[in-house]
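These notes concern the structure reproduced below.
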Amino acid sequence: MTVSKIVPVILAGGSGTRLWPISRDSLPKQFLGLGSDHTFYQETLLRLPKAGPSVTAPIVVTSEDFRFFARRQATEIGIEPTIILEPARRDSAAAMVIASRFAVERYGEDVLVLALAADHLVPDADLFREACLAAATVAEEGYIVTFGITPTEPRTSYGYIKPGKPLGTPGAFAVASFVEKPDRATAETYVAEGYLWNSGNFIFPATLMLSEAEKFEPEISAAAIGAIAGATEDIGFIRLNKSAFLSIPAKSIDYAVLERTDRAAVIEGRFAWSDIGSWDAVREMSTADANGNVTHGPVSLLDSTNAFIHSEGPLVTGIGLDGFTVVASEDAILVMPSSRSQDVKHLVAGLKAEKRNEANEHIKMHRPWGTYQTISRGDRFHVKKIIVEPGAILSLQKHHHRAEHWVIVKGTAEVTQGGRTYIVNENESTYHPVGEIHRVANPGKIPLELIEVQTGSYLGEDDIVRYEDVYARV
Numbered sequence: 042m043t044v045s046k047i048v049p050v051i052l053a054g055g056s057g058t059r060l061w062p063i064s065r066d067s068l069p070k071q072f073l074g075l076g077s078d079h080t081f082y083q084e085t086l087l088r089l090p091k092a093g094p095s096v097t098a099p100i101v102v103t104s105e106d107f108r109f110f111a112r113r114q115a116t117e118i119g120i121e122p123t124i125i126l127e128p129a130r131r132d133s134a135a136a137m138v139i140a141s142r143f144a145v146e147r148y149g150e151d152v153l154v155l156a157l158a159a160d161h162l163v164p165d166a167d168l169f170r171e172a173c174l175a176a177a178t179v180a181e182e183g184y185i186v187t188f189g190i191t192p193t194e195p196r197t198s199y200g201y202i203k204p205g206k207p208l209g210t211p212g213a214f215a216v217a218s219f220v221e222k223p224d225r226a227t228a229e230t231y232v233a234e235g236y237l238w239n240s241g242n243f244i245f246p247a248t249l250m251l252s253e254a255e256k257f258e259p260e261i262s263a264a265a266i267g268a269i270a271g272a273t274e275d276i277g278f279i280r281l282n283k284s285a286f287l288s289i290p291a292k293s294i295d296y297a298v299l300e301r302t303d304r305a306a307v308i309e310g311r312f313a314w315s316d317i318g319s320w321d322a323v324r325e326m327s328t329a330d331a332n333g334n335v336t337h338g339p340v341s342l343l344d345s346t347n348a349f350i351h352s353e354g355p356l357v358t359g360i361g362l363d364g365f366t367v368v369a370s371e372d373a374i375l376v377m378p379s380s381r382s383q384d385v386k387h388l389v390a391g392l393k394a395e396k397r398n399e400a401n402e403h404i405k406m407h408r409p410w411g412t413y414q415t416i417s418r419g420d421r422f423h424v425k426k427i428i429v430e431p432g433a434i435l436s437l438q439k440h441h442h443r444a445e446h447w448v449i450v451k452g453t454a455e456v457t458q459g460g461r462t463y464i465v466n467e468n469e470s471t472y473h474p475v476g477e478i479h480r481v482a483n484p485g486k487i488p489l490e491l492i493e494v495q496t497g498s499y500l501g502e503d504d505i506v507r508y509e510d511v512y513a514r515v
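In structure tokens form, the structure reads like this:
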């Protein structure tokens, strides 16, 4: 059996709002672990077919906001991917065409692209790898192959695939049709008739995807190829041409190509799989106690059954809960009947319409140099805990509307203020008046922790004028 070179492509730009309040735009579910030692993104990288003569290093397609998560979390597990940055969200069709074009330019025309979502759960990595190699043999025959999953029950939250004529590889079929998420009765019919869940993961010849995209969506194809042609390298990232990319219509690869091509195939994936698309799905990957309750974090229940309680902050207590879901972060709590899990996205949409900061941002914000977390906020003050990782350095900056007072609580700070640089140790402080150019760096080998007290007439994060930045944010 001859298998063409496989280029893994990880799509890691989604927002994951259905797992709010733990997953938010500022840190979505693919970069979270939810009880695992690895994040979903790391697990996806780790279950790829082993790199070698037939499998290249992965390509990751993500957004500007997530570029340092993507690099740092991959490096933590010993993987060095090529990271392509999308200037905006344009759904999966743009990402597929761009990744295919990039793979052809880097590795030649005779390559297969293995395109995987970064936020799915597949417990058995070996079974998944076997399925990838089997699917590759089908793709080599000129098919865009999707991994179909044998349903365990009639789910209404997944799309389905109707298998058509069998192909040469066991478990592989031409696709008779793709169908949208059904109601309960229709889902029961689909399961009885042998339909498969559509996992949204694919393997295909790169040149086939490019030709089919050009045929069905010439506007997407031309703009995506233009975005690659005008791409630049920026501190190790591939930054797409912004003007070309923004002209791409937002459309999923299913609507753009898969549902229109006559080269679609499906291979039955015999591995357990979940897209972790709701809190119900998180519950299903957990073990319940004798009362049917699943709990994570500081939780105490009395006379409760079939409850799902997840806390990443405060102690959550409950009395007489039956069939309820409670999810608590440090700054927001979600309470709902477990049967309403699919409605979380509508709740978040309402919060965004109300311009609630909690809809998008965590109380702890991640930056390339470390994190900051709000401790207290008032009319003319904002108190943060800032952690600067060893060797990291913030941008050289000033503010038009606020002054900052830093108190070092752990580690050693190298502070630049005006034209001088000096050291500030634990239990010491420094002050930066409005308009003063300043920065802080961590020259030590342990994380630097400081408390920042901002005071002024405007305390928004956009009141920053950067002069120098090692992370290219000037």
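So for the sequence shown, this note's numbering puts the first residue at 42; every next one is plus one.
Think of the CB as a built atom: it goes at the ideal place given N, C-alpha and C, for glycine as much as any other residue.
*Could you check where the alpha helix (DSSP H) with residue 393 kicks off and where it finishes?*
385-394
_One question on the structure: do residue 98 and residue 122 come within less than 8 angstroms of each other, judged by their Cβ atoms?_
yes
*Whose CA, out of 266, 245, 375, lies closest to the CA of residue 255?*
266
_Strictly by DSSP, which residues pair up with residue 336?_
Per DSSP, 350.
*Residue span of the alpha helix (DSSP H) that contains residue 244, given as start and end*: Segment 237-246 is the beta strand (DSSP E) holding residue 244; no alpha helix (DSSP H) there.
_Just to confirm the assignment, what range does the alpha helix (DSSP H) spanning residue 520 have?_
Coverage of the chain is limited to positions 42 through 515, which leaves residue 520 absent and any answer about it impossible.
*Under 8 angstroms between the Cβ atoms of residue 385 and residue 357?*
no
*Distance CB(residue 428)-CB(residue 412) smaller than 8 angstroms*: yes
_Reduced DSSP secondary structure (H/G/I, E/B, other) of residue 257_ = helix
*Of the choices 353, 107, 142, 168, whose alpha-carbon is the least far from that of residue 130?*
Selected option, being the one with the closest Cα: 107.
*asked:* Quick check: the Cα distance between residue 42 and residue 178, rounded to an integer number of angstroms?
replied: Legend: pLDDT at residue 42 = 44, less than 50; position of this residue unreliable, value from coordinates given subsequently. Straight-line Cα distance between these residues: approximately 8 angstroms.
*asked:* Short of 8 angstroms in beta carbon distance, which residues of its chain neighbour residue 474, apart from the five on each side in sequence? Order them along the chain.
replied: 444
*Within this structure, are the beta carbons of residue 349 and residue 379 separated by less than 8 angstroms?*
yes
*Beta carbon of residue 186, beta carbon of residue 201: below 8 angstroms?*
no
*Hey, residue 491 and residue 464: beta-carbon distance below 8 angstroms or not?*
no
*Would you decide whether residue 295 is buried or exposed? Buried here means 16 or more other CB atoms lie within 10 Å of its CB.*
buried
_Using only the alpha-carbon positions, how far apart do residue 334 and residue 347 sit?_
Distance between the alpha carbons of residue 334 and residue 347 is about 5 angstroms.
*Any Cβ of chain C within less than 8 angstroms of the Cβ of residue 305?*
No chain C appears in this structure, which consists of one protein chain only.
*asked:* For a test of the three-state rule: what should DSSP assign to residue 365, helix, strand or coil?
replied: strand
*Is the CB-CB distance between residue 58 and residue 71 below 8 angstroms?*
no
_Suppose you measure from the CA of residue 140 to the CA of residue 359; what does that come to, to the nearest Å?_
48 angstroms
*Measuring alpha carbon to alpha carbon, tell me which of 51, 423, 415, 193 ends up nearest residue 156.*
51
*Looking at the unbroken beta strand (DSSP E) that takes in residue 429, where does it start and where does it end?*
422-429 is the span of the beta strand (DSSP E), which, as asked, contains residue 429.
*With DSSP run on the structure shown, which of helix, strand or coil describes residue 329?*
coil
*Is residue 519 near residue 125, with beta carbons less than 8 angstroms apart?*
The chain is shown from 42 up to 515; residue 519 falls before or after that span and cannot be answered.
*Would you please state the rounded distance, in angstroms, between the beta carbons of residue 499 and residue 306? I believe it to be under 8 angstroms.*
Contact flag wrong, Cβ pair sits at about 57 angstroms.
*From this set, 238, 239, 262, which residue's C-alpha is nearest residue 249's C-alpha?*
It is 262 whose Cα lies nearest to the Cα of residue 249.
*Going by beta carbon distance, what residues of the same chain come within less than 7 angstroms of residue 159, once the five residues before and after it are set aside?*
Excluding five sequence positions before and after residue 159, the CB atoms of its chain that fall closer than 7 angstroms to its own CB belong to 51, 52, 53, 71, 81, 82, 85, given in chain order.
*asked:* Can you find the residues in the same chain that come closer than 8 angstroms, C-beta to C-beta, to residue 150, ignoring five residues on each side of it along the sequence?
replied: Short of 8 angstroms from the beta carbon of residue 150, and not among the five residues preceding or following it, lie these beta carbons of its own chain, in chain order: 247, 248.
*Going by Cα to Cα distance, which pick from 208, 161, 182, 180 is closest to residue 190?*
161
*State whether the region 416-431 contacts the region 481-489, with contact taken as three or more CB pairs (one from each stretch) at a distance under 8 angstroms.*
yes
*Any idea if residue 501 is buried or exposed, counting beta-carbon neighbours within 10 angstroms, 16 or more meaning buried?*
exposed
_What does the Cβ neighbour count give for residue 420, buried or exposed, with the cut at 16 atoms within 10 Å?_
exposed
*Could you check what DSSP says for residue 225 in three-state terms: helix, strand or coil?*
The three-state secondary structure of residue 225, taken from DSSP, is helix.
*Starting from residue 508, follow the alpha helix (DSSP H) in both directions and report where the run begins and ends.*
Per DSSP, residue 508 belongs to no alpha helix (DSSP H); it is in the beta strand (DSSP E), 506-509.
_Using the three-state DSSP reduction, which class does residue 296 fall into: helix, strand or coil?_
Helix.
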